[in-house]
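Comments concern the structure below.
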Amino acid sequence: MIETQGLTKTFKSGVEAVKGVDITVEPGQIVGFLGPNGAGKSTTMRMLTTLLAPTSGSAKVAGRDLLADPAGVRRRIGYVSQSGGVNLAAPPAGDLVLQAMLYGMDRGRARERVAEVLALLELTGMEHLPGGALSGGQRRRFDLAFGLLHRPPLLFLDEPTTGLDPQSRAHLWDHIRALRADHGMTVFLTTHYLDEADALCDRLLIIDGGRIVAEGSPAELKAGGRTLDDVFLDITGRSLREEVPA
Amino acid sequence: MIGSAARDTWLLFRHGLAVTLQQKFGLVFGAIQPMVFLVLFGPIFATIGTWETLVPGLIVQLGLVSTGMAGFGVVFERRFGVLERLRVTPASRLALLLGRVLNNVVALVVQTVVLVAVGYAFGLRAPAAGLLAGLALVVVLGASLASLSYAVALTIDENLFAPVMSTIVMPLALLSGSFLPMSMAPGWLDVLSRISPFRYVLEALRELFAGHYATGTVGLGVAVTAALAVVSVAVGTRVFSRENA
Ligand SMILES: Nc1ncnc2c1ncn2[C@@H]1O[C@H](COP(=O)(O)OP(=O)(O)OP(=O)(O)O)[C@@H](O)[C@H]1O
Ligand SMILES: [Mg+2]
Chain A
1445 MIETQGLTKT FKSGVEAVKG VDITVEPGQI VGFLGPNGAG KSTTMRMLTT
1495 LLAPTSGSAK VAGRDLLADP AGVRRRIGYV SQSGGVNLAA PPAGDLVLQA
1545 MLYGMDRGRA RERVAEVLAL LELTGMEHLP GGALSGGQRR RFDLAFGLLH
1595 RPPLLFLDEP TTGLDPQSRA HLWDHIRALR ADHGMTVFLT THYLDEADAL
1645 CDRLLIIDGG RIVAEGSPAE LKAGGRTLDD VFLDITGRSL REEVPA
Chain B
15 MIGSAARDTW LLFRHGLAVT LQQKFGLVFG AIQPMVFLVL FGPIFATIGT
65 WETLVPGLIV QLGLVSTGMA GFGVVFERRF GVLERLRVTP ASRLALLLGR
115 VLNNVVALVV QTVVLVAVGY AFGLRAPAAG LLAGLALVVV LGASLASLSY
165 AVALTIDENL FAPVMSTIVM PLALLSGSFL PMSMAPGWLD VLSRISPFRY
215 VLEALRELFA GHYATGTVGL GVAVTAALAV VSVAVGTRVF SRENA
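Heads up: the sequence lines are chains A and B, in that order. Counting in the working numbering, the first sequence runs from 1445 upward without gaps. Counting in the working numbering, the second sequence runs from 15 upward without gaps.
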């Protein structure tokens, strides 16, 4: 579903955010992409979702070549960004229908599909509130709704549960599991909650300093009876990230 | 390919129009804006010039100060992540620009019609053909100004957009000869104003309002307006497809 070779991103500022990443994700898997702040998770995702041009390397995403056929990739993926995409100045209702229609649905079908997704995420009725009047958890579910409208076979979620209360997090996990179970959807997600990664993901990739430093199933990574937290800290070290560069 | 770009443009245009029409205060201010100079400056100008000279000038000035600020809206869309969400959809990048631009063009055309109608009450007289041709020129001018505005808004720091644009727009209006024709300017200022494309647009507009169609001035104005539109839309589309936009 995802296959990258030597994916690299060097920003104009000179920051080498991603340094030659090779990733393979099989269809139907829920894969967790873990790593400390600034490790390059979002940058990698933004490349795989056609938002950022890689500096070098290549990738196949949802069966399409990322560089040769970005439009083909866009048709087959959903993406929920780390900071979300709900317009705070307007109710999401109109934006949802527009978004569905941009994926080719006619107005009637788009309205139906929006109603379906809102019911699925228990948001029915809230779509007429201005984005700014929604709680953080509600807004996050609307973000997910935007990503699900066109039933993408591959879904990218960048920290979908950050800022949610434990109930909302557990709910979102259920939704994600159901999407995989009912539609065979492949999910590629980042999270800082290692318990969540442990419970939800079939496979984990750990990135640090722009390089993949470990991968395997949660069970494989925890071999020897350690917790995922211990493994994570052992692999990525204990020093704080995102310090101001000297 | 072209069919889907046209459909996407139409969808984004309709969506933007619906949003515009919901903003009642925005509509009121949009209607008042064109009349300010006409009512408070026009009667003074009319003592030395004609309404047929002034109104085209005010149209260009209006385009610059109202359509030129179009990019302000997209600053918020980017901040809220809306733009990025749209850029992950298969929507054509040209449509992401044109859907918005079309809205701004419609707004400018409506404002221009208000301006001309009120101008008529004050004494403006222009042939229907000249008005229609002028309106066509305004459509193309509006598309250029909106595209350029979006390009600037998505390129510079978002906090700089309002101060930078409001500073640029006034000199451009003055240099185009919006308030007083450049024929009255001293040599150096006249030369300076020839660098601005808006001078040629405006001179063509004045000729059209005067009922002169097949003149060199009109030809030059049309050519400059068309060239400006092609460049602006190309630049705008590039900015909408580019990373970080
Ligand atoms: N647009 C940009 N321009 C310059 N540098 C950037 C840009 N975006 C990200 N970076 C830098 O690239 C590195 C990786 O950032 P990225 O956002 O991918 O990290 P992350 O793993 O998602 O972190 P977090 O867990 O905090 O979200 C960081 O050093 C960041 O400062
Ligand atoms: Mg991130």
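Beta carbons: idealized from backbone N, C-alpha and C, even for Gly.
query                                                                                                       : result
Start and end residues, alpha helix (DSSP H) containing E1560 (chain A)                                     : R1551 to L1564
Chain-ordered chain B contacts of S1527 (chain A) [CB-CB under 7 Å]                                         : G95
Assigned secondary structure, A259 (chain B) (DSSP; H/G/I helix, E/B strand, else coil)                     : Below a pLDDT of 50, predicted positions are generally treated as unreliable, and A259 (chain B), at 38, falls in that range; the measurement from the model is reported next regardless. Coil at A259 (chain B), not helix or strand.
Chain B within 9 Å of V1530 (chain A), Cβ atoms only                                                        : yes
Proximal residues of chain A, C-beta to C-beta of F90 (chain B) below 9 Å                                   : N1531, L1532 and A1533
Cutoff 8 Å; reference Q1449 (chain A); Cβ partners in own chain excluding five residues on either side      : D1466, G1501, S1502 and A1503
Ligand 2 heavy atom lying under 8 Å from the CB of Q1449 (chain A)                                          : no
By C-beta, the residues closer than 7 Å to any heavy atom of ligand 2, given in chain order                 : A:K1485, A:S1486, A:Q1526, A:D1602, A:E1603 and A:T1634
Residues of the region 15-43 of chain B whose Cβ lies closer than 9 Å to any Cβ of chain A, in chain order  : S18, R21, D22, L25, L26, R28, H29, A32, V33 and Q36
Proximal chain B residues relative to Y1700 (chain A), where beta-carbon distance stays under 9 Å           : Lying outside 1445 to 1690, the shown extent of chain A, residue 1700 (chain A) is not represented and no answer is given.
Whole-angstrom C-beta distance between W65 (chain B) and G133 (chain B), which should lie under 8 Å         : 6 Å
Endpoints, beta strand (DSSP E) assigned at Y1523 (chain A)                                                 : I1521 to V1524
S158 (chain B): CB within 8 Å of a non-hydrogen atom of ligand 1                                            : no
Per-residue contacts from A105 (chain B) into chain A (C-beta, under 7 Å)                                   : L1546
Cβ shell of L31 (chain B) (< 8 Å), same chain only, five flanking positions each side left out              : N117 and V120
9 Å Cβ cutoff met for V1530 (chain A) and R1583 (chain A)                                                   : yes
Rounded C-alpha distance that separates L1588 (chain A) from V1517 (chain A)                                : 18 Å
Beta-carbon proximity of L1598 (chain A) to M1629 (chain A), cut-off 9 Å                                    : yes
Where L146 (chain B) falls, given that 16 or more other Cβ within 10 Å makes a residue buried               : exposed
Secondary structure, alpha helix (DSSP H): runs of 4+ residues fully inside the region 1582-1654 of chain A : 1610-1627 and 1638-1644
Cross-chain neighbours of Q1543 (chain A) in chain B, by beta carbon under 8 Å                              : R99, L100 and T103
Three or more C-beta pairs below 8 Å linking the region 71-85 of chain B and the region 152-171 of chain B  : yes
Residue from A:L1649, A:T1634, A:R1595 and A:N1481 whose Cα sits closest to the Cα of T1605 (chain A)       : A:T1634
Exposure label - V50 (chain B); buried when at least 16 CB within 10 Å                                      : exposed
I1651 (chain A): CB within 8 Å of a non-hydrogen atom of ligand 1                                           : yes
Same chain, Cβ closer than 6 Å to V249 (chain B), five either side skipped, listed in chain order           : A165
Buried versus exposed, by CB contacts within 10 Å (16 or more), T1493 (chain A)                             : buried
Proximity to K1453 (chain A) [Cα-Cα], best of A:P1498, A:G1482 and A:V1475                                  : A:P1498
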